[in-house]
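Enquirer:
Protein chains: 2
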Amino acid sequence: MRLTERLGIDVPIFAFSHCRDVVAAVTNAGGFGVLGAVAYSAEQLDTELSWLDRETGGRPYGVDVLVPGKLDARGVRVADLIPEEHRAFLDTLFSKYGMAPPSRATGSQAGSAADDVARRVTASGATGLIEVALKHRIGLIASALGPPPPEMVALAREADVPVAALVGTVEHALRQREAGADIIVAQGTEAGGHTGEISTMVLVPQVVDAVAPIPVLAAGGIASGRQMAAAIALGAQGVWCGSVWLTTEEAETPQAVKRKFLAASSLDTVRSRSRTGKPARQLSSAWTREWDGENSPGPLGMPLQMLLAEGAMATIGPAAERGEPGAVELANYFVGQVVGQLDQVKPAKQVVYEMISEYAEAVERLAP
Amino acid sequence: MRLTERLGIDVPIFAFSHCRDVVAAVTNAGGFGVLGAVAYSAEQLDTELSWLDRETGGRPYGVDVLVPGKLDARGVRVADLIPEEHRAFLDTLFSKYGMAPPSRATGSQAGSAADDVARRVTASGATGLIEVALKHRIGLIASALGPPPPEMVALAREADVPVAALVGTVEHALRQREAGADIIVAQGTEAGGHTGEISTMVLVPQVVDAVAPIPVLAAGGIASGRQMAAAIALGAQGVWCGSVWLTTEEAETPQAVKRKFLAASSLDTVRSRSRTGKPARQLSSAWTREWDGENSPGPLGMPLQMLLAEGAMATIGPAAERGEPGAVELANYFVGQVVGQLDQVKPAKQVVYEMISEYAEAVERLAP
Numbered sequence: 001m002r003l004t005e006r007l008g009i010d011v012p013i014f015a016f017s018h019c020r021d022v023v024a025a026v027t028n029a030g031g032f033g034v035l036g037a038v039a040y041s042a043e044q045l046d047t048e049l050s051w052l053d054r055e056t057g058g059r060p061y062g063v064d065v066l067v068p069g070k071l072d073a074r075g076v077r078v079a080d081l082i083p084e085e086h087r088a089f090l091d092t093l094f095s096k097y098g099m100a101p102p103s104r105a106t107g108s109q110a111g112s113a114a115d116d117v118a119r120r121v122t123a124s125g126a127t128g129l130i131e132v133a134l135k136h137r138i139g140l141i142a143s144a145l146g147p148p149p150p151e152m153v154a155l156a157r158e159a160d161v162p163v164a165a166l167v168g169t170v171e172h173a174l175r176q177r178e179a180g181a182d183i184i185v186a187q188g189t190e191a192g193g194h195t196g197e198i199s200t201m202v203l204v205p206q207v208v209d210a211v212a213p214i215p216v217l218a219a220g221g222i223a224s225g226r227q228m229a230a231a232i233a234l235g236a237q238g239v240w241c242g243s244v245w246l247t248t249e250e251a252e253t254p255q256a257v258k259r260k261f262l263a264a265s266s267l268d269t270v271r272s273r274s275r276t277g278k279p280a281r282q283l284s285s286a287w288t289r290e291w292d293g294e295n296s297p298g299p300l301g302m303p304l305q306m307l308l309a310e311g312a313m314a315t316i317g318p319a320a321e322r323g324e325p326g327a328v329e330l331a332n333y334f335v336g337q338v339v340g341q342l343d344q345v346k347p348a349k350q351v352v353y354e355m356i357s358e359y360a361e362a363v364e365r366l367a368p
Numbered sequence: 001m002r003l004t005e006r007l008g009i010d011v012p013i014f015a016f017s018h019c020r021d022v023v024a025a026v027t028n029a030g031g032f033g034v035l036g037a038v039a040y041s042a043e044q045l046d047t048e049l050s051w052l053d054r055e056t057g058g059r060p061y062g063v064d065v066l067v068p069g070k071l072d073a074r075g076v077r078v079a080d081l082i083p084e085e086h087r088a089f090l091d092t093l094f095s096k097y098g099m100a101p102p103s104r105a106t107g108s109q110a111g112s113a114a115d116d117v118a119r120r121v122t123a124s125g126a127t128g129l130i131e132v133a134l135k136h137r138i139g140l141i142a143s144a145l146g147p148p149p150p151e152m153v154a155l156a157r158e159a160d161v162p163v164a165a166l167v168g169t170v171e172h173a174l175r176q177r178e179a180g181a182d183i184i185v186a187q188g189t190e191a192g193g194h195t196g197e198i199s200t201m202v203l204v205p206q207v208v209d210a211v212a213p214i215p216v217l218a219a220g221g222i223a224s225g226r227q228m229a230a231a232i233a234l235g236a237q238g239v240w241c242g243s244v245w246l247t248t249e250e251a252e253t254p255q256a257v258k259r260k261f262l263a264a265s266s267l268d269t270v271r272s273r274s275r276t277g278k279p280a281r282q283l284s285s286a287w288t289r290e291w292d293g294e295n296s297p298g299p300l301g302m303p304l305q306m307l308l309a310e311g312a313m314a315t316i317g318p319a320a321e322r323g324e325p326g327a328v329e330l331a332n333y334f335v336g337q338v339v340g341q342l343d344q345v346k347p348a349k350q351v352v353y354e355m356i357s358e359y360a361e362a363v364e365r366l367a368p
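Sequences listed follow chains F and D, in order.
Take the first sequence: its letter number 219 is residue 219 in the UniProt record's numbering, and every next letter is one higher.
Take the second sequence: its letter number 178 is residue 178 in the UniProt record's numbering, and every next letter is one higher.
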């Protein structure tokens, strides 16, 4: 059975977004919205999904969790694990870019925000989010890093919800199949966020052949109907897009970052460990240049660098919104090389319809 | 007019190769072979092209030159410009990998081979090769680095031979159009050889839109019919392939390197300055790891690093062929990420036919 039939959707366009409005808009346009859950506590996620249940009126949507799973944060104040050298570098950075030093006081907002994030990116935290998600009418659970843990697969199986898993190599794809993934998302190096080194063009056919008959979605470099047609030609059954929604009307991308995205070329991204500790493609900014530069102590691992970065960005973001020039220089966000194509703010629904229409044209051009 | 009609070919598969047998085989299979001329002196090129004229019996083929053009080598012994520090590092490298030290004597074979190469990669050298090429029935001149110099375009125009130019960014594409290129080859970062940072999936549609109505070929990540269909879906009028020919029966790829290619995965390439001085994707080997490693003085610029590397490879290649383990570790060659797909030696003609057949299947799958 084709994936669209199996999931009950009109078009195989999967929209990964941290913004519920984007998820609802794509699902309601006939695609499949997937909410990135890492930004939410269990309670917040429950609220968001109740909203989505109402807004999508029975159409399917999914939830994406991050399971790096090395560090179990229960009972530990993770923020305390960040070395003084890295805190000092952050202080220097804030000072160099004309910002007030980041707060370090015990129980500070940034500190506890970091602890919250830390709890959610551990295996136990992710499972908690999944338990919440399964109380709602979700149609897919996606695991963005590493094989889904057995308890996650078991819970999903019991609820008859398919599990999708993102991979950057054939080896990872085979491991994900082993772990019980029902759908593989083959994500090329051009993608935003955590990404490997192999391009979508090269990766997708290899993964399709390796895991057949498991359906494969293509991710990375896909933000238009021509790119969607290319992905299908490579053997994918659909496309998994993230970056293209970041400049939609619905996206909650901070305005300062949205403006940078709209102005950026495809050369303005970098695969850097500076935001999470693992290589993740993002807009290059003073943040990535300084952390990857000569005077840097080097990014920490995952999840410590993520805690440090999220804490800092919680200050940088609002300062950039207020127009503070140093903060604007530092501000960035995960985005793929397709950022060079994004030069207009549009409703998410329009993005879906334009992709479908351009896809049809591309297919017609290919017809013999 | 479609490019295939304009160039008088059956299928828009362009084969870049340094091996005349591959060029002839692809042209005779209905594609378009393009001979990389940088390895030849003017006299050798004349001989190769006379052979191609006979073998292809009136079917079109082309010639590719490298025009980095910063250093004019006339009257200079270029090998003398290589710093002692880099020669010393090379000595250490040879010793570490159990090889006899590279010869440095005045008038040594490696030295004069380097001088020969140097002469050919300058603007005057490239023009000399083009003058030779235009005495033959060539159907295309391609410029692999930088905009074609005005004299090259003028010579080609006079002979009514179209000029193709390789680009890795939209900006370069616009510059190439300005310089008079008739065909743009948009080459993604996954390609072998000199390549930029943007993936084929992202680059091709941007270049197609930027230079329309100039026809665009897609390069990088294309070694199968599915990938060819994807390239056409992206808006390209054809595909420019290099890596896929390196493991064909006809290819003169040294056996030691061919074996490494057949065994390699798509993770086994690296974009490194260690072979030419400019970032070029190649098989990772002890050569790339050492030059890009901590104890390295860092690669020189183009063309000095190319001279140093070509001189060294002239010794490493034969030693690897003799099975010397250190030489086998060092040996490498330019290749794209598609190397992970190449696991069988086939005749070049069969590669063309399989691409065409898989292309047709992919198009059929896309049909509504």
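Glycine included, C-beta positions come from ideal geometry on N, C-alpha and C.
(1) Thinking just about the alpha-carbon of each residue, which of C241(D), G242(D) and L129(D) is nearest to the one in A156(D)?
(2) Any Cβ of chain D within less than 8 Å of the Cβ of M1(F)?
(3) Taking any Cβ of chain D, which residues in the segment 338–356 of chain F have a Cβ under 8 Å from it, in chain order?
(4) Mapping DSSP to helix, strand and coil, what is V38(D)?
(5) So is T47(F) in contact with chain D if we call contact Cβ pairs under 8 Å?
(6) Using a cut-off of 7 Å between C-beta atoms, extract the partners of G221(F) located in chain D.
(7) To the nearest angstrom, report how far apart A309(F) and A154(D) are at their CA atoms.
(8) Any C-beta of chain C within less than 8 Å: which residues of the segment 205–232 of chain F qualify?
(9) Using 10 angstroms around the beta-carbon of V328(F), count the other beta-carbons present and answer buried if the total reaches 16, otherwise exposed.
(10) Could you round the C-beta distance between G148(D) and A165(D) to whole angstroms and report it? I think they count as a contact, below 8 Å.
(11) With contact counted as at least three CB pairs below 8 Å, one residue from each stretch, are the segment 262–269 of chain F and the segment 239–258 of chain D in contact?
(12) What's the gap between the Cα of T127(F) and the Cα of K278(F)?
(13) What residues of chain D sit near L366(F), judged by a beta carbon separation below 7 Å?
(14) Would E190(F) count as contacting chain D if we go by Cβ distances under 8 Å?
(15) Taking the alpha carbon of D21(D) as the point to measure from, which residue in E354(D), A348(D), P368(D) and E358(D) has its own alpha carbon closest?
(16) S243(F) and G336(F): beta carbons closer than 8 Å?
(17) Between V202(D) and G238(F), is the Cβ-Cβ spacing less than 8 Å?
(18) Mind checking which residues open and close the alpha helix (DSSP H) that includes T288(F)?
(19) Show which residues of chain F have a CB atom less than 9 Å away from the CB atom of S266(D).
(20) Measure the alpha-carbon distance for K70(D) versus L145(D) and round it to whole angstroms.
(21) Comparing alpha-carbon positions, which option in R2(D), V23(D), C19(D) and A29(D) lies nearest Q350(D)?
(22) Compute the distance between the beta-carbons of M302(F) and T269(F), then report whether it is under 8 Å.
(23) Going straight from the alpha carbon of A105(D) to that of Y333(D), what length do you get?
(24) Helix or strand or just coil, what does DSSP make of Q282(F)?
(25) Could you name the residues of the same chain whose beta carbon sits closer than 6 Å to that of A39(F), not counting the 5 residues immediately before and after it, in chain order?
(26) Taking all protein chains shown into account, decide if T47(D) is buried (16 or more other Cβ within 10 angstroms of its Cβ) or exposed.
(27) Terminal residues of the continuous alpha helix (DSSP H) containing R20(D)?
(28) Is it true that the CB of L7(D) sits closer than 8 Å to the CB of L35(D)?
(29) What separation, rounded to the nearest whole angstrom, lies between the Cα atoms of N295(D) and G221(D)?
(30) Would you tell me roughly how many angstroms separate the C-alpha atoms of V207(F) and A186(F), rounded to the nearest one?
(31) Tell me where the alpha helix (DSSP H) around D64(D) begins and ends.
(32) Given a threshold of 16 other Cβ atoms within 10 Å of its Cβ, counted over all protein chains shown, does R59(F) qualify as buried or as exposed?
(33) So, is G196(F) buried or exposed, given that buried needs 16 or more other C-beta atoms within 10 angstroms?
(34) Going by beta carbon distance, what residues of the same chain come within less than 8 Å of R214(F), once the five residues before and after it are set aside?
Expert: Concretely, from the data shown:
(1) Within the second sequence, numbered from 1, the residue matching residue 156(D) stands at position 156. The shortest Cα separation from A156(D) among C241(D), G242(D) and L129(D) belongs to L129(D).
(2) Taking the first residue of the first sequence as 1, we reach residue 1(F) at position 1. It does not: the Cβ of M1(F) has no partner Cβ on chain D nearer than 8 Å.
(3) V338, G340 and Q341
(4) Within the second sequence, the letter at position 38 stands for residue 38(D). Looking at V38(D) - three-state DSSP - the assignment turns out to be coil, as it is neither helix nor strand.
(5) To locate residue 47(F), count along the first sequence from 1; it is residue 47. So no, T47(F) is outside the interface.
(6) For the purposes of this step, residue 221(F) is taken as residue 221 along the first sequence, with counting starting at 1. What G221(F) touches in chain D: S199, M201 and V202.
(7) Taking the first sequence and counting its residues from 1, one reaches residue 309(F) at position 309. Taking the second sequence and counting its residues from 1, one reaches residue 154(D) at position 154. About 55 Å.
(8) This model lacks chain C altogether; the protein chains it does include are F and D.
(9) In the first sequence, counting from the first residue as 1, residue 328(F) sits at position 328. The residue is buried, with at least 16 neighbouring Cβ atoms inside 10 Å.
(10) Translated into positions along the second sequence, residue 148(D) becomes position 148. Translated into positions along the second sequence, residue 165(D) becomes position 165. Just to set this straight, residue 148(D) is Pro in the shown sequence, not Gly. So it is a contact: roughly 6 Å between Cβ atoms.
(11) no
(12) Taking the first residue of the first sequence as position 1, residue 127(F) is located at position 127. Taking the first residue of the first sequence as position 1, residue 278(F) is located at position 278. In a straight line, the C-alpha of T127(F) is about 21 Å away from that of K278(F).
(13) What you label residue 366(F) is simply residue 366 of the first sequence in a count that begins at 1. Result: A229, I232, A233, V363 and L366.
(14) Within the first sequence, the letter at position 190 stands for residue 190(F). Yes, contact with chain D.
(15) Position 21 of the second sequence, counted from the first residue, corresponds to residue 21(D). Among E354(D), A348(D), P368(D) and E358(D), the Cα nearest to that of D21(D) is on A348(D).
(16) To locate residue 243(F), count along the first sequence from 1; it is residue 243. To locate residue 336(F), count along the first sequence from 1; it is residue 336. Contact: yes.
(17) On the second sequence, position 202 is the one that residue 202(D) refers to. On the first sequence, position 238 is the one that residue 238(F) refers to. In this structure, G238(F) does not lie closer than 8 Å to V202(D) by Cβ.
(18) Reading the first sequence from its first residue, position 288 is the one you call residue 288(F). Looking at the DSSP string, the run of the alpha helix (DSSP H) that includes T288(F) is A286 to W291.
(19) Taking the first residue of the second sequence as position 1, residue 266(D) is located at position 266. Neighbours of S266(D) on chain F, chain order: T169, V170, E197, I198, S199, V202, L203 and Q206.
(20) For the purposes of this step, residue 70(D) is taken as the residue at position 70 of the second sequence. For the purposes of this step, residue 145(D) is taken as the residue at position 145 of the second sequence. Unreliable placement is indicated for K70(D), whose pLDDT of 48 sits below 50; no coordinate value is reported for it.
(21) Here residue 350(D) refers to the residue found at position 350 of the second sequence. Looking at the Cα atoms, A29(D) is the closest of the given residues.
(22) Within the first sequence, residue 302(F) is the residue found at index 302, counting from 1. Within the first sequence, residue 269(F) is the residue found at index 269, counting from 1. Result no, Cβ atoms of M302(F) and T269(F) do not sit closer than 8 Å.
(23) The residue you call residue 105(D) lines up with position 105 of the second sequence. The residue you call residue 333(D) lines up with position 333 of the second sequence. With a pLDDT of 46 at A105(D), under the threshold of 50, the modelled position of this residue cannot be trusted; read the value that follows with caution. The alpha-carbon atoms of A105(D) and Y333(D) are separated by roughly 26 Å.
(24) Here the question's residue 282(F) lines up with position 282 in the first sequence. Reduced to three states, the DSSP call for Q282(F) is strand.
(25) Sequence index remark: in the first sequence, residue 39(F) carries index 39 (1-based). H18.
(26) As a working note, residue 47(D) is residue 47 in the second sequence. By the neighbour-count rule (16 or more Cβ atoms within 10 Å), T47(D) is not buried but exposed.
(27) Sequence index remark: in the second sequence, residue 20(D) carries index 20 (1-based). Run containing R20(D): R20 to N28, per the alpha helix (DSSP H) assignment.
(28) If you number the second sequence from 1, residue 35(D) lands on position 35. If you number the second sequence from 1, residue 7(D) lands on position 7. For L35(D) and L7(D), no; Cβs fall outside 8 Å.
(29) Within the second sequence, numbered from 1, the residue matching residue 295(D) stands at position 295. Within the second sequence, numbered from 1, the residue matching residue 221(D) stands at position 221. Their backbone Cα atoms lie some 32 Å apart in a straight line.
(30) In the first sequence, counting from the first residue as 1, residue 207(F) sits at position 207. In the first sequence, counting from the first residue as 1, residue 186(F) sits at position 186. Each residue's Cα considered, the two are about 7 Å apart.
(31) As a position in the second sequence, residue 64(D) is number 64, starting the count at 1. Segment Y61 to V65 is the beta strand (DSSP E) holding D64(D); no alpha helix (DSSP H) there.
(32) Translated into positions along the first sequence, residue 59(F) becomes position 59. Answer is buried; the Cβ neighbour count reaches 16.
(33) Position 196 of the first sequence holds residue 196(F). It counts as buried.
(34) Mapped onto the first sequence, residue 214(F) falls at position 214. A small correction: the amino acid at residue 214(F) is Ile; Arg does not occupy that position in the sequence shown. Excluding sequence neighbours, I214(F) sits near R177, A181, D182, I183 and I184.
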